[in-house]
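All letters in the first sequence, in the order written, are residues 9 to 571 by my numbering.
Every residue, glycine too, gets a C-beta built ideally from N, C-alpha and C.
One structure is given here, and the rest of the page talks about it.
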Amino acid sequence: MFLDFKSEVESLLHSALEKCGFKVEVGVNSLSLESSPHSDLASSVGFRLAPVLRRSPALIAAEIHKSMAFSPGSASSVDRVELAGPYLNFFMNRDFLDSIVIQAQGTECWKGKMSQKVIVEHTSANPDGPLHVGHIRNSVIGDTLVRILRKAGCTVDAQYYVNDMGRQEAMVVWGCDHYKLDDSKADHAIAKVYIAANKAVTETPELKAEVDHIIQRYEAGDQEQEAKIKCAAKYAIMGIEQTLHRMNIRHDSYHWESTFVRNGDVDRVIQDLQKTGLAEMEDGALQLDLSAFGFEKKLVLRRADGTSLYTTRDLAYHRWKSTQAERMVDILGADHKLISSQLRTALRLMKIPEPEVVIFEFVSLPSGSMSTRRGKFISADELLDEVEKQAFEEVTARRPEESEELRRSIAADVAVGAVRYDVVKVSADKATMFDWKAALDFEKLSAPFIQYSHARACSILRKVGEIGQFDPGLLTGENEVAMIKKIAEFDQVIDRAGRELKPHQLTTYARELAESFNLFYRFSPVLDAPQELKASRLALVNASRNALRETLETLGIPALETM
RNA sequence: GGGCGCGUGGCCUAGUCAGGAUAAGGCGGCAGCCUCCUAAGCUGUAGAUCGGGGGUUCGAAUCCCCCCGCGCCCGCCA
């Protein structure tokens, strides 16, 4: 696919440069390759070389162009190279376009060549209540990255780190001791006692000691507290999992932070950090001085009462992770920026590989930021319910003759897609404001737009039996060629999103792919086309359907066959 | 106060990391397209000094500096 074309262009350029005796600096994109409206791939390397060679970029480009060891048929994917002033324009040849259509008939061509083992940790929400619309930004970004990396060829373990030793879980247990869990969904029931407990402790500060006592006994290995905390946390996670599953999100493994306290890993981390000479006792607590690395405040490794802290436990978790994978990816909210830099610095001090951290900015409500503790949030369940309700109305308006069962099922799939696409389409480093109107809009910049294109392709394919013999060379219309080229881009998009950990790039591609298909659909009749052309167009519909399906699946969005 | 991030038509965003050939979409506005494979679609049109100011460069939305605005953080919480 596109990456093959690109590497062929690269080697053509490299040998031409060598022939001319030109040297380019090594580095990313040293050949100055860029996508261009004027060609399939362009190089502005002439500009790069101009200051060194003291000649005009156009002259340099012309010289490179002249010594390009290129004749028709000498390359498997490049048709021609054109000189346009200082630019070199590369074009794909017909054989290459044909091979894209043929490859895309199958299932093999969509998988990338990466082969690393990767751990992606995402969601890891405290088991103190349901996921809200802020949490799901973490879950959706994380799960989409898991899918992208798998598509790129990696072996991925999606991990959920369970914070069972923190204050918030002790608060939940205190709440369960004093209030009754009602029969609402597990995570929602937990949230109610958690909110009540917070209220009680705020109003009666003396109760704080009781909560502290729970933490201390749990850390000391008290069986009763352990049973209570594990039970409460598991109950909350059960509810959280239901919500995640509803959004097509699954974790491969769960890791409890208490594990790393019990097995001694936390103590070992502390010992190793002491060996750096940067850790010292202050006010009874062990603190790490990271001022040499630009951190003002010291990082507390162990409380004066001897109990551990979140960061220290997280260090132990990361040390373990580093022995299990070649890449570690953490998805964290913007509130973790500082602590994750400190974590990485501490790991570096111990010569432990650092994770790649994907930070996403906050999702706020028009009324301000969300808070589980204060009960101020829109839950993911509520969001999904509302979107599903809206989707049901829309599908009913369009397909009133279909059974309610089918309409419900389509609405559920549309809702999952709409929510996931809406969340992941914005770059992670942009703070967003939750907007009901946008969440309930199923038009162009949304998952239903892409699902719809897929459904249209399926609809055409349903009307014919087999595709049979076809000649891809007949697909020469403007929209047909554009569609083939767009399909070809799939491997490059996956590769780049997987390396840069930018899942929103895939949503842009998905939109472009669907747009291309809709144009082809609009201007190239398939079923009414003359016999031979019909077969070729059917093959392109099939290729498009496969590309749309792969893209949707990688986004975790159901590829609906009818809607 | 310090650190990090963000600022692109009325609104939401892509493009910024790796500077290049006319700033790309959506929503909303206006004007059109269902005897035609699903109109959750398609076409046309109006609308942008890319927050402001300096600088680097043949060339800056993109890199550097300053300023302004917004967000997050600066706990022996997580």
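Asked	Found
Buried/exposed call for Tyr262, threshold 16 Cβ in 10 Å	exposed
Buried/exposed call for Trp444, threshold 16 Cβ in 10 Å	exposed
First and last residue of the uninterrupted beta strand (DSSP E) at Tyr168	Thr163 to Val170
Candidates Ala547, Gly506 and Leu189: closest to Glu479 by CA position	Reading the sequence as shown, one finds Asp at residue 479 and not Glu. Nearest option by C-alpha distance: Ala547.
Residues that Leu49 bridges to, as DSSP identifies them	Phe98
Segments of 4+ residues assigned as alpha helix (DSSP H) that fall wholly inside the stretch 289 to 371	318 to 330 and 345 to 357
Contact set for Ile565: own chain, Cβ-Cβ below 6 Å, skip 5 residues either direction	Gly425, Arg428 and Ala455
Phe442 vs Val141 beta-carbon contact at 7 Å	yes
Nearest residue (CA-CA) to Glu410, options Pro213, Thr570 and Gly383	Thr570
Which of helix, strand or coil DSSP assigns to His259	coil
Beta-carbon gap between Cys184 and Ala241 smaller than 7 Å	no
Backbone secondary structure at Thr573 - three-state DSSP	Nothing can be reported for residue 573: it is not among the residues displayed for the chain, which extend from 9 to 571.
Contact the stretch 167 to 180 vs the stretch 305 to 323: 3+ CB pairs below 8 Å	yes
Gly120 vs Asp503 beta-carbon contact at 7 Å	yes
Neighbourhood of Asn97 by C-beta, 6 Å cutoff - its chain only, sequence neighbours within 5 removed	His46, Ser47, Ala50 and Glu90
Secondary structure, alpha helix (DSSP H): runs of 4+ residues fully inside the stretch 208 to 294	216 to 227, 231 to 254, 265 to 270 and 273 to 283
Sequence-distant residues of its chain with Cβ nearer than 8 Å to Thr115 (five each side left out)	Asn554
C-alpha gap between Leu57 and Phe30, whole angstroms	8 Å
Inter-residue CB distance, Phe525 and Ala465 (contact presumed, cutoff 8 Å)	7 Å
Three CB pairs or more closer than 8 Å across the stretch 121 to 130 and the stretch 334 to 343	yes
Which residues DSSP lists as bridging Lys125, in chain order	Thr163
Residue(s) in a DSSP beta bridge with Lys572	The structure shown does not extend to residue 572, since the chain is modelled only from 9 through 571, so no value can be given for it.
Simplified DSSP assignment, three categories, for Asp106	helix
Environment of Gln279 [buried if 16+ CB atoms lie within 10 Å]	exposed
Cβ shell of Glu364 (< 8 Å), same chain only, five flanking positions each side left out	Arg335, Met336, Val337, Asp338 and Leu509
Cutoff 7 Å; reference Gln398; Cβ partners in own chain excluding five residues on either side	Leu448
DSSP-derived helix/strand/coil call for Arg88	strand
DSSP state of Ser532 mapped onto helix, strand, coil	coil
Counterpart residues of Met441 in DSSP-defined beta bridges	Ser372
Sufficient close CB pairs (3 or more, under 8 Å) joining the stretch 97 to 108 to the stretch 202 to 210	no
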